[in-house]
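*Asks:* One structure, pasted below without further comment.
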């Protein structure tokens with residue numbers, strides 16, 4: 001039996017998993033992400049943690065297929081980042097540095113893309129090789145898997161689908177500087193924005209007026225049959241469904257996997273997205289499946305492991 | 001020196017090229033596409049033509065790396081079509097049938113995707129491995145190349161970018177049944193439509209009122225400095241540029257290559273697309289290059305050859 005490490009670097013902690021080749025997780029732990037001094041300690045800290053684990057488990061280097069790493073920044077096929085928002089890194093050859101620190105083959109990817117790969121391998125996209133994952137969190141992230149491989153793109157910015165323009169008439173600006181990005185409607189913050197607008201426009205009765213308004217309370221109200229909440233969910237779903245129809249005509253996936261905090265609403269969410277998707281899908285893509293993500297916070301370490309298992 | 005064949009199957013003729021491994025074309029010819037009887041003769045006719053050429057050139061099977069084929073239909077990674085608009089074929093395993101007929105390794109792809117691969121190898125996308133080709137003809141076709149390989153997708157329908165929705169308010173229907181597809185604005189027919197609308201709306205003086213109105217006369221008038229023609233070109237460019245910005249955020253190409261009949265207008269066309277592209281592009285994709293296709297009708301046989309040269 002051979003093993004590998006899946007490493008998911010975040011801005012506050014690094015999640016690490018030790019996997020068997022067949023996908024079983026043997027061990028899982030976290031270390032702190034030391035971002036001070038331009039993040040100079042991050043990779044050495046990870047290398048030390050992996051070394052310690054190998055000693056603990058009495059594993060030889062030869063038993064380790066490789067180290068897969070998800071990085072919260074655009075990262076090229078060659079493992080190079082040109083700056084990060086949360087880690088302090090400027091230019092860094094992550095792959096080369098990690099291989100020098102450990103003497104073990106290392107593969108890298110963007111964290112959202114790597115999470116998508118994880119969901120394809122062991123989660124909501126299981127059994128498929130062409131998949132789009134949409135992560136509905138504070139923002140909207142994504143990952144596109146083509147023929148079992150991450151679509152990395154020229155600058156490591158493939159799958160940044162939160163910034164698809166879905167409304168050319170939008171007057172409010174997105175965090176990226178543009179207007180009408182999917183993220184402005186389909187993220188947790190976006191849904192809250194749609195909800196507040198709707199509540200200001202209508203005098204209809206709704207349980208949403210009784211407490212805090214956010215993505216969770218909107219979908220909770222949908223489950224109660226609240227008509228205003230359903231209208232808000234329909235608007236969210238129209239933006240997301242139309243965007244996915246445009247992605248499908250370009251990349252022709254077998255399945256869409258929807259994850260992130262918003263997806264915790266559960267299966268109730270899917271028809272709100274599927275219906276407008278089908279209205280706008282090109283005929284060749286009309287029957288693309290929809291699924292919920294299944295791995296939660298473990299998607300990153302799973303996908304990172306899959307990077308080296310191939 | 002080894003050789004390969006590049007075959008581009010069209011509805012009326014099959015273009016065939018004999019290539020050296022290094023990309024040089026040694027010979028180039030056409031045969032008729034016999035679509036009658038559900039197209040049963042098409043592949044045997046091609047196989048016979050290749051055999052004849054090998055005898056003429058005194059080539060042995062062992063000297064042929066393979067046969068690459070572009071097919072005018074969605075075709076899976078495995079070489080299977082499930083129906084064609086122009087060839088008469090229903091379900092057909094093109095790869096398997098061709099290998100049985102010739103005893104030579106065969107690789108297949110959709111014709112628009114294969115033409116994109118050709119432009120990457122020897123044309124407007126030379127030197128790049130991440131590319132989107134847009135073919136502006138009677139319709140709008142396309143091909144997406146990721147890491148040097150065609151993005152085929154689950155149903156062989158990857159890169160069908162003519163059916164990206166770019167206008168959710170459109171009332172006229174696209175040939176595909178949907179509304180607001182890129183093809184309705186950026187194809188030769190689409191540009192004619194935009195031009196006729198514009199001429200009906202404005203009383204401004206324009207040389208376009210002196211003769212036939214079509215994509216060619218519009219761009220000819222642009223070259224003469226005609227203000228109305230420039231407005232029409234700007235509208236065309238806005239739809240196309242915005243669509244490419246959305247494609248870039250998903251697939252992060254190094255270069256867009258613009259081909260097809262409309263692109264014969266030449267370099268005058270590019271700024272009309274680049275300007276709105278830059279207005280809408282995600283920052284990571286803002287500097288993606290624009291180029292014109294260079295291979296014309298030979299893009300198909302070149303890309304087909306590249307399919308087997310890898």
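Protein chains in written order, with UniProt numbering: chain R, 1 to 310; chain F, 1 to 310. Heads up, the beta-carbon is just placed ideally off N, CA and C, and yes, glycines get one too. In this text, all values refer to a predicted model and were calculated from it rather than measured experimentally.
Does DSSP put residue 42 of chain F in a helix, in a strand, or in coil?
*Replies:* As a working note, residue 42 of chain F is residue 42 in the second chain. It is helical.
*Asks:* At a Cβ threshold of 9 Å, is residue 91 of chain R touching chain F?
*Replies:* Sequence index remark: in the first chain, residue 91 of chain R carries index 91 (1-based). Not an interface residue.
*Asks:* Which parts of the segment 63–148 of chain R are runs of the beta strand (DSSP E), unbroken and 3 residues or longer, counting only runs that do not cross its ends?
*Replies:* As far as the segment 63–148 of chain R is concerned, its whole beta strand (DSSP E) runs of at least 3 residues are 64–71, 80–82, 91–93, 106–110, 131–136 and 140–146.
*Asks:* Given a limit of 9 Å on CB to CB distance, which residues of the segment 231–257 of chain F reach chain R?
*Replies:* Of all residues in the segment 231–257 of chain F, 242, 243, 245, 246, 247, 248, 249, 250, 251, 252, 253, 254 and 255 have a Cβ within less than 9 Å of some Cβ in chain R.
*Asks:* State buried or exposed for residue 26 of chain R, treating a residue as buried only when at least 16 other CB atoms are found within 10 Å of its CB.
*Replies:* Position 26 of the first chain, counted from the first residue, corresponds to residue 26 of chain R. Burial call: exposed.
*Asks:* For residue 153 of chain R, decide whether its Cβ has a neighbour in chain F, counting only Cβ atoms nearer than 9 Å.
*Replies:* Working through the first chain from its first residue, we reach residue 153 of chain R at position 153. Interface residue, yes.
*Asks:* Where are the beta strand (DSSP E) runs, 3 residues long or more, that stay fully inside the segment 181–269 of chain R, in chain order?
*Replies:* Listed in chain order, the complete beta strand (DSSP E) runs (minimum 3 residues) inside the segment 181–269 of chain R are 255–259.
*Asks:* Which term fits residue 69 of chain F, buried or exposed, when burial requires 16 or more other beta carbons within 10 angstroms of its beta carbon?
*Replies:* As a first step, residue 69 of chain F is located in the second chain; it is residue number 69 there, counting from the start. The residue is buried, with at least 16 neighbouring Cβ atoms inside 10 Å.
*Asks:* If we call anything under 9 Å between Cβ atoms a contact, is residue 248 of chain F one with residue 166 of chain F?
*Replies:* Residue 248 of chain F sits at position 248 when you count from the first residue of the second chain. Residue 166 of chain F sits at position 166 when you count from the first residue of the second chain. In this structure, residue 166 of chain F does not lie closer than 9 Å to residue 248 of chain F by Cβ.
*Asks:* Whether or not the segment 100–113 of chain R and the segment 65–84 of chain R are in contact is what I'm after, with contact meaning three or more pairs of Cβ atoms, one per stretch, closer than 8 Å; do they touch?
*Replies:* Segments in contact, yes.
*Asks:* What residues in the segment 275–301 of chain R bring their beta carbon closer than 7 Å to a beta carbon of chain F?
*Replies:* Result list: 280, 282, 283, 284 and 285.
*Asks:* Expressed to the nearest angstrom, what Euclidean distance is found between the alpha-carbon atoms of residue 2 of chain R and residue 20 of chain R?
*Replies:* If you number the first chain from 1, residue 2 of chain R lands on position 2. If you number the first chain from 1, residue 20 of chain R lands on position 20. Rounded to the nearest angstrom, the two C-alpha atoms are 6 Å apart.
*Asks:* Give a yes or no on whether 9 Å exceeds the smallest Cβ distance from residue 49 of chain R to chain F.
*Replies:* Position 49 of the first chain holds residue 49 of chain R. Chain F contact via Cβ: absent.
*Asks:* I believe residue 136 of chain R touches residue 262 of chain R by the beta-carbon criterion, under 8 Å. Please report the beta-carbon distance rounded to the nearest angstrom.
*Replies:* As a working note, residue 136 of chain R is residue 136 in the first chain. As a working note, residue 262 of chain R is residue 262 in the first chain. Yes, residue 136 of chain R and residue 262 of chain R are in contact; Cβ-Cβ is about 4 Å, under 8 Å.
*Asks:* Express the C-alpha separation of residue 279 of chain F and residue 173 of chain R in angstroms, rounding to a whole number.
*Replies:* The residue given as residue 173 of chain R occupies position 173 in the first chain. The residue given as residue 279 of chain F occupies position 279 in the second chain. Roughly 13 Å separates the two Cα atoms.
*Asks:* If you draw a straight line from the alpha carbon of residue 84 of chain F to that of residue 215 of chain R, how long is it in whole angstroms?
*Replies:* For this step, residue 84 of chain F is matched to residue 84 along the second chain. For this step, residue 215 of chain R is matched to residue 215 along the first chain. Going from the Cα of residue 84 of chain F to the Cα of residue 215 of chain R covers about 45 Å.
*Asks:* May I ask which residues mark the beginning and end of the beta strand (DSSP E) holding residue 23 of chain R?
*Replies:* By 1-based counting over the first chain, the position of residue 23 of chain R is 23. First-last for residue 23 of chain R: undefined, no H or E at that position.
*Asks:* So, is residue 124 of chain F buried or exposed, given that buried needs 16 or more other C-beta atoms within 10 angstroms?
*Replies:* Taking the first residue of the second chain as position 1, residue 124 of chain F is located at position 124. Buried is the call here.
*Asks:* Under a three-way DSSP split, which group does residue 28 of chain R fall into?
*Replies:* To locate residue 28 of chain R, count along the first chain from 1; it is residue 28. Looking at residue 28 of chain R - three-state DSSP - the assignment turns out to be strand.
*Asks:* Going by the DSSP bridge assignment, what does residue 307 of chain F pair with across the sheet?
*Replies:* Stepping through the second chain from its first residue, residue 307 of chain F is reached at position 307. BP columns for residue 307 of chain F are empty, so no partner.
*Asks:* Consult DSSP for residue 162 of chain F and reduce its assignment to one of helix, strand or coil.
*Replies:* Along the second chain, one-based indexing puts residue 162 of chain F at 162. Looking at residue 162 of chain F - three-state DSSP - the assignment turns out to be helix.
*Asks:* If you measure beta-carbon to beta-carbon, which residues of the segment 93–117 of chain R are closer than 7 Å to chain F?
*Replies:* Per Cβ criterion, the list is empty.
*Asks:* Starting from residue 4 of chain F, follow its DSSP beta bridges and name the residues at the other end.
*Replies:* Position 4 of the second chain, counted from the first residue, corresponds to residue 4 of chain F. The partner list for residue 4 of chain F (beta bridge, DSSP) reads F/19 and F/66.
*Asks:* Going along the segment 166–181 of chain F in order, which residues come within less than 8 Å of chain R, judged by CB to CB distance?
*Replies:* Answer in chain order: 168, 176, 177 and 178.
*Asks:* What number of angstroms, rounded off, separates the C-alpha of residue 44 of chain F from the C-alpha of residue 159 of chain F?
*Replies:* Position 44 of the second chain, counted from the first residue, corresponds to residue 44 of chain F. Position 159 of the second chain, counted from the first residue, corresponds to residue 159 of chain F. So the alpha carbons of these two residues sit roughly 29 Å apart.
*Asks:* Could you tell me the distance, in whole angstroms, from the CA atom of residue 122 of chain R to the CA atom of residue 217 of chain R?
*Replies:* Reading the first chain from its first residue, position 122 is the one you call residue 122 of chain R. Reading the first chain from its first residue, position 217 is the one you call residue 217 of chain R. Each residue's Cα considered, the two are about 30 Å apart.
*Asks:* Output yes if chain R places a C-beta closer than 9 Å to the C-beta of residue 304 of chain F; else output no.
*Replies:* To locate residue 304 of chain F, count along the second chain from 1; it is residue 304. For residue 304 of chain F, the answer is no, since every Cβ of chain R falls outside 9 Å of its Cβ.
*Asks:* Pairs of beta-carbons, one from the segment 219–231 of chain F and one from the segment 139–157 of chain R, closer than 8 Å: are there three or more?
*Replies:* Short answer: they don't touch.
*Asks:* Which stretch, first to last residue, makes up the beta strand (DSSP E) that contains residue 291 of chain R?
*Replies:* Within the first chain, the letter at position 291 stands for residue 291 of chain R. Segment 289–292, the beta strand (DSSP E) holding residue 291 of chain R.
*Asks:* Return the CA-CA distance between residue 189 of chain R and residue 213 of chain R, expressed in angstroms with no decimal places.
*Replies:* Residue 189 of chain R sits at position 189 when you count from the first residue of the first chain. Residue 213 of chain R sits at position 213 when you count from the first residue of the first chain. Approximately 10 Å between the Cα atoms of the pair.
*Asks:* For the pair the segment 224–239 of chain R and the segment 204–213 of chain R, tell me if three or more CB-CB distances fall below 8 Å.
*Replies:* Output reads yes: the segment 204–213 of chain R touches the segment 224–239 of chain R.
*Asks:* Give a yes or no on whether 9 Å exceeds the smallest Cβ distance from residue 159 of chain F to chain R.
*Replies:* Looking up residue 159 of chain F in the second chain gives position 159. Judged by the 9 Å Cβ criterion, residue 159 of chain F is in contact with chain R.
*Asks:* Using a Cβ cut-off of 9 Å (strictly closer), state whether residue 80 of chain R contacts chain F.
*Replies:* Start at 1 with the first residue of the first chain, and residue 80 of chain R comes out as number 80. False, the Cβ-Cβ gap to chain F never drops below 9 Å.
*Asks:* Mapping DSSP to helix, strand and coil, what is residue 178 of chain F?
*Replies:* As a working mapping, residue 178 of chain F is identified with position 178 in the second chain. In the structure shown, residue 178 of chain F sits in coil (DSSP, three-state: anything other than H, G, I, E or B).
*Asks:* With 16 as the cutoff for other CB atoms within 10 Å, does residue 239 of chain F come out buried or exposed?
*Replies:* Taking the second chain and counting its residues from 1, one reaches residue 239 of chain F at position 239. It counts as buried.
*Asks:* Using only the alpha-carbon positions, how far apart do residue 53 of chain R and residue 6 of chain R sit?
*Replies:* Position 53 of the first chain, counted from the first residue, corresponds to residue 53 of chain R. Position 6 of the first chain, counted from the first residue, corresponds to residue 6 of chain R. Cα to Cα, residue 53 of chain R sits roughly 13 Å from residue 6 of chain R.
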